[in-house]
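Trainee:
2 protein chains.
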Amino acid sequence: MLDDRTIHFCRACGTAVRHEIPPEDNRPRAMCPACGTIHYVNPLNVVGTLPVWGDQVLLCRRNIEPRKGLWTLPAGFMELGETTAEGALRETEEEAGAHVALEGLLTVLNVARVGQVHFFYRARMLDTHLAPGPETQEARLFSEAEIPWEELAFRTVRETLQHYFRVRGQGDTGVHCIDIA
Amino acid sequence: MLDDRTIHFCRACGTAVRHEIPPEDNRPRAMCPACGTIHYVNPLNVVGTLPVWGDQVLLCRRNIEPRKGLWTLPAGFMELGETTAEGALRETEEEAGAHVALEGLLTVLNVARVGQVHFFYRARMLDTHLAPGPETQEARLFSEAEIPWEELAFRTVRETLQHYFRVRGQGDTGVHCIDIA
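So the sequences go chain by chain: A and B.
Under the UniProt record's numbering, the first residue of the first sequence is numbered 1, with each subsequent residue one higher.
Under the UniProt record's numbering, the first residue of the second sequence is numbered 1, with each subsequent residue one higher.
1. When you compare the CB of residue 110 of chain B with every CB in chain A, is at least one pair closer than 8 angstroms?
2. Throw me the rounded Cβ distance for the residue 80 of chain A and residue 43 of chain B pair, which I believe falls under 8 angstroms.
3. Should residue 174 of chain A be listed as close to the ligand FAD, given that the test is whether its C-beta is under 7 angstroms from any heavy atom?
4. Between residue 20 of chain B and residue 31 of chain B, is the Cβ-Cβ spacing less than 8 angstroms?
5. Run through chain B and tell me which residues come within less than 9 angstroms of residue 124 of chain A, C-beta to C-beta.
6. If the criterion is Cβ atoms closer than 8 angstroms, does the pair residue 109 of chain A and residue 121 of chain A meet it?
7. Identify which residue in B/170, B/93, B/92, B/11 has its Cα closest to the Cα of residue 40 of chain B.
8. Rounding to the nearest angstrom, what Cα-Cα distance links residue 97 of chain A and residue 173 of chain A in this structure?
9. Would you decide whether residue 60 of chain A is buried or exposed? Buried here means 16 or more other CB atoms lie within 10 Å of its CB.
10. Per DSSP, residue 51 of chain A is paired with what?
11. Tell me where the alpha helix (DSSP H) around residue 137 of chain A begins and ends.
12. If you measure from the beta carbon of residue 31 of chain B to each beta carbon in chain A, is any gap under 8 angstroms?
13. Just to check my reading of the structure: residue 46 of chain A and residue 163 of chain A have Cβ atoms closer than 8 angstroms, yes? What is that Cβ distance to the nearest angstrom?
14. Strictly under 8 angstroms for the Cβ-Cβ distance: is residue 1 of chain B near chain A by that measure?
15. Does the beta carbon of residue 120 of chain A come closer than 8 angstroms to any beta carbon on chain B?
16. For residue 1 of chain B, does the three-state DSSP call read helix, strand or coil?
17. At a Cβ threshold of 8 angstroms, is residue 42 of chain B touching chain A?
18. Would you mind working out which of B/7, B/69, B/37, B/36 sits nearest residue 138 of chain B, comparing C-alpha positions?
19. Have a look at the DSSP bridge pairing and note the partners of residue 31 of chain A.
20. According to DSSP, is residue 154 of chain B part of a helix, a strand, or is it coil?
21. Check the Cβ of residue 100 of chain A against every Cβ in chain B and list those closer than 9 angstroms, keeping chain order.
22. Of all the options B/51, B/156, B/168, which has the alpha carbon lying nearest to the alpha carbon of residue 93 of chain B?
23. Per DSSP, which one or two residues make a beta bridge with residue 59 of chain B?
24. Using beta-carbon positions only, say whether residue 57 of chain A and residue 142 of chain A come within less than 8 angstroms of one another.
25. Below 6 angstroms CB to CB, which residues in the same chain sit around residue 179 of chain A once its five sequence neighbours on both sides are set aside?
26. Just the Cα atoms here: how many angstroms apart are residue 37 of chain B and residue 78 of chain B?
27. Return helix, strand or coil for residue 163 of chain A, following the three-state DSSP convention.
28. Quick one, which residues of the segment 144 to 176 of chain B are near chain A if we go by CB-CB under 9 angstroms, in chain order?
29. Whole angstroms is fine: what's the gap from residue 28 of chain B's alpha carbon to residue 88 of chain A's?
30. Between B/129, B/64, B/90, B/83, which lies nearest to residue 75 of chain B when the distance is taken from Cα to Cα?
31. Just to confirm before moving on: does the CB-CB distance between residue 114 of chain A and residue 105 of chain B stay below 8 angstroms?
32. Which chain B residues are close to residue 25 of chain A, counting only those with a beta carbon under 7 angstroms from its beta carbon?
Pasting the structure below:
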């Protein structure tokens, strides 16, 4: 969930900030009048996988808001100190308890409206053992015909699944870049 | 430049934070004991272009630290409210004053050590007019033989240029994903 990221106080010294355009900049930033720290608020990366087992793919039913109860791919916010691939593997483990091997970046989706970039990797499931974490009600495999298209949590998940089924079997291992309006 | 992003005070209420592992989390976060805000520090995206004019590419000599005086591709931190492509275009305009048309994502480079993901787009220069901004000492075109390999500012720039020259003319328009150790 997107928390309120507005900066009211300086992270370095605790003084109330002013929102002004710094010298040699062109947009307002939270500036500390006491210690001079300039605070930037930047887009966030969401990293995940599309786990595949034979002709089936793995979806997780969300146990947290937003979109609790709807189906998603295992994904979450990228952490400091990890790569996009490492983050995607971590989220797959945390949310589905699935063991997978990554097979390359599948989609990069810009969601500028909420200040996010989503990365989904193709992943080959190594077995069908699943152990959903606290953020997941249920994890299960779906064939293409079984995908609950009307109960998907996010457009980025829909676009990634659609792209996967479109190119599956074509030998297309390229990255699909999409802007979500 | 990477500023010190350590959080000492709550952005919402100004109270000194504690660094603790929140419930249902698995790593320490800056938590506010007064208002309960949890502060996350996440990776940053750097977006830029590799502008091409005939058999030449555009490089910019940096006028700011770090690596002042060394050559780079036009790039900078992605801003809230823009896509990676929009940010890459903006940085190309700001740093080189170059007019370009984007031709697809070329490289995605993970630099986990500094908590960054870099995106470079192929860009076709529309003319050779250049108007370097305050962060650039000089912008000019280089043939492959002229590239100042020993005076490049960043590994991500080197890798992107190497990849471009490797696949140039091969019809390979795929995205190259690289981890920078």
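C-beta: ideal position from N, C-alpha, C; glycine also.
Bear in mind the structure is a predicted one, so any value in this text is a computation, not a measurement.
Mentor: With the given structure in hand:
1. For the purposes of this step, residue 110 of chain B is taken as the residue at position 110 of the second sequence. Yes, because at least one Cβ of chain A sits closer than 8 angstroms to the Cβ of residue 110 of chain B.
2. The residue labelled residue 80 of chain A in the question sits at position 80 within the first sequence. The residue labelled residue 43 of chain B in the question sits at position 43 within the second sequence. Right, the Cβ-Cβ distance comes to about 6 angstroms (below 8 angstroms), so this counts as a contact.
3. Judged by which ligands are present, the structure shown has none, so any question about the ligand FAD falls away.
4. As a working mapping, residue 20 of chain B is identified with position 20 in the second sequence. As a working mapping, residue 31 of chain B is identified with position 31 in the second sequence. Yes, the pair counts as a contact, with Cβ atoms nearer than the cut-off.
5. Here residue 124 of chain A is taken as the residue at index 124 of the first sequence, counted from 1. Here the premise fails: no neighbours, minimum Cβ distance about 17 angstroms.
6. As a position in the first sequence, residue 109 of chain A is number 109, starting the count at 1. As a position in the first sequence, residue 121 of chain A is number 121, starting the count at 1. No, the Cβ-Cβ distance between residue 109 of chain A and residue 121 of chain A is not below 8 angstroms.
7. On the second sequence, residue 40 of chain B is found 40 positions in, with the first residue counted as 1. When each option's Cα is compared against that of residue 40 of chain B, the closest is B/11.
8. Here the question's residue 97 of chain A lines up with position 97 in the first sequence. Here the question's residue 173 of chain A lines up with position 173 in the first sequence. Answer to the nearest angstrom: the Cα atoms are 25 angstroms apart.
9. Residue numbering aside, residue 60 of chain A sits at position 60 when the first sequence is read from its first letter. So residue 60 of chain A ends up on the buried side.
10. Locating residue 51 of chain A in the first sequence gives position 51, where the first residue counts as 1. Answer by DSSP bridge pairing, in chain order: A/123.
11. The sequence position of residue 137 of chain A within the first sequence is 137, counting from 1. No alpha helix (DSSP H) holds residue 137 of chain A; the beta strand (DSSP E) holding it covers 136 to 143.
12. As a position in the second sequence, residue 31 of chain B is number 31, starting the count at 1. No, because no Cβ of chain A sits closer than 8 angstroms to the Cβ of residue 31 of chain B.
13. Within the first sequence, numbered from 1, the residue matching residue 46 of chain A stands at position 46. Within the first sequence, numbered from 1, the residue matching residue 163 of chain A stands at position 163. Going by Cβ atoms, the distance from residue 46 of chain A to residue 163 of chain A rounds to 16 angstroms, so no, they are not a contact pair.
14. Residue mapping note: residue 1 of chain B aligns to position 1 of the second sequence, counting from 1. Caution applies to residue 1 of chain B, whose pLDDT of 39 falls short of 50 and renders its modelled position unreliable; the value that the coordinates give is listed next. Cβ-Cβ to chain A under 8 angstroms: no for residue 1 of chain B.
15. By one-based count along the first sequence, residue 120 of chain A stands at place 120. No - not a single Cβ of chain B is within 8 angstroms of the one on residue 120 of chain A.
16. Counting from 1 along the second sequence, the entry for residue 1 of chain B is found at position 1. Because residue 1 of chain B carries a pLDDT of 39, less than 50, the predicted location of this residue cannot be relied on, and the following value inherits that uncertainty. Looking at residue 1 of chain B - three-state DSSP - the assignment turns out to be coil, as it is neither helix nor strand.
17. For the purposes of this step, residue 42 of chain B is identified with residue 42 of the second sequence, where counting begins at 1. Yes, residue 42 of chain B lies at the interface with chain A (some Cβ there is under 8 angstroms from its Cβ).
18. Taking the first residue of the second sequence as position 1, residue 138 of chain B is located at position 138. Ranking B/7, B/69, B/37, B/36 by Cα distance to residue 138 of chain B puts B/69 first.
19. By one-based count along the first sequence, residue 31 of chain A stands at place 31. DSSP output for residue 31 of chain A lists A/18, A/38 as bridge partner(s).
20. Within the second sequence, residue 154 of chain B is the residue found at index 154, counting from 1. In this structure, residue 154 of chain B counts as coil in the three-state DSSP scheme.
21. Indexing the first sequence from 1 puts residue 100 of chain A at position 100. Residues of chain B passing the Cβ test: none, with the nearest at roughly 17 angstroms.
22. Within the second sequence, the letter at position 93 stands for residue 93 of chain B. Considering only alpha carbons, the answer is B/51.
23. For the purposes of this step, residue 59 of chain B is taken as residue 59 along the second sequence, with counting starting at 1. Partner(s): B/140.
24. Translated into the one-based positions of the first sequence, residue 57 of chain A becomes position 57. Translated into the one-based positions of the first sequence, residue 142 of chain A becomes position 142. Yes, Cβ-Cβ distance for residue 57 of chain A and residue 142 of chain A is below 8 angstroms.
25. Translated into positions along the first sequence, residue 179 of chain A becomes position 179. So the qualifying residues of the chain are 110.
26. By one-based count along the second sequence, residue 37 of chain B stands at place 37. By one-based count along the second sequence, residue 78 of chain B stands at place 78. When rounded, the distance between both Cα atoms is 25 angstroms.
27. One-based indexing of the first sequence puts residue 163 of chain A at position 163. In this structure, residue 163 of chain A counts as helix in the three-state DSSP scheme.
28. 173, 174, 175
29. The sequence position of residue 28 of chain B within the second sequence is 28, counting from 1. The sequence position of residue 88 of chain A within the first sequence is 88, counting from 1. Going from the Cα of residue 28 of chain B to the Cα of residue 88 of chain A covers about 20 angstroms.
30. Position 75 of the second sequence holds residue 75 of chain B. When only C-alpha atoms are compared, the closest one is B/90.
31. Counting from 1 along the first sequence, the entry for residue 114 of chain A is found at position 114. Counting from 1 along the second sequence, the entry for residue 105 of chain B is found at position 105. No, these two residues do not count as a Cβ contact at 8 angstroms.
32. What you label residue 25 of chain A is simply residue 25 of the first sequence in a count that begins at 1. Simply none; closest approach about 10 angstroms.
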